[in-house]
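Per our numbering, the very first residue in the sequence shown carries number 51; after that it's consecutive.
Cβ coordinates follow ideal geometry from the N, Cα and C atoms, glycine included.
One structure below.
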Amino acid sequence: MSEDTGTGFGPTIEADAFRQILHRETARIVANRLSASPSSGYRTWEDLSREERSNITGWVELVFIAQIEAYGPALHLAGVQANVE
């Protein structure tokens with residue numbers, strides 16, 4: 051972590067560290083939502099092995115990157131003019 055930015059939000063963290071935290075938390079939420087249905091056959095995040103957690107987090111990272119790549123084409127397909135320079 052770096053120094054306080056004076057914004058009132060406390061210390062800042064590096065973007066990569068935050069992205070890792072965001073992906074892990076997203077993966078945890080996805081796993082828990084999938085396990086919410088008794089007939090789903092999915093387990094909660096806490097019940098998954100380290101490897102299973104890593105695999106789900108990897109999928110979340112893949113979707114995150116794919117969404118960034120798909121943003122421009124999606125705008126085009128929706129008929130939205132974007133000024134991307």
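Item: Status (buried if at least 16 other CB within 10 Å, exposed otherwise) for Met51; Value: Only weak support is given to the placement of Met51: the predicted model assigns it a pLDDT of 47, under 50, and the question is left unresolved by the model.
Item: Cutoff 7 Å; reference Asn82; Cβ partners in own chain excluding five residues on either side; Value: Thr94, Trp95
Item: Proximal residues to Ser152 (C-beta, below 6 Å), its chain only, five neighbours per side dropped; Value: The question about residue 152 has no answer here: the residues shown for the chain are numbered 51 through 135.
Item: Simplified DSSP state of Val110, which is helix, strand or coil; Value: helix
Item: Cα-Cα separation, Arg103 to Leu72; Value: 14 Å
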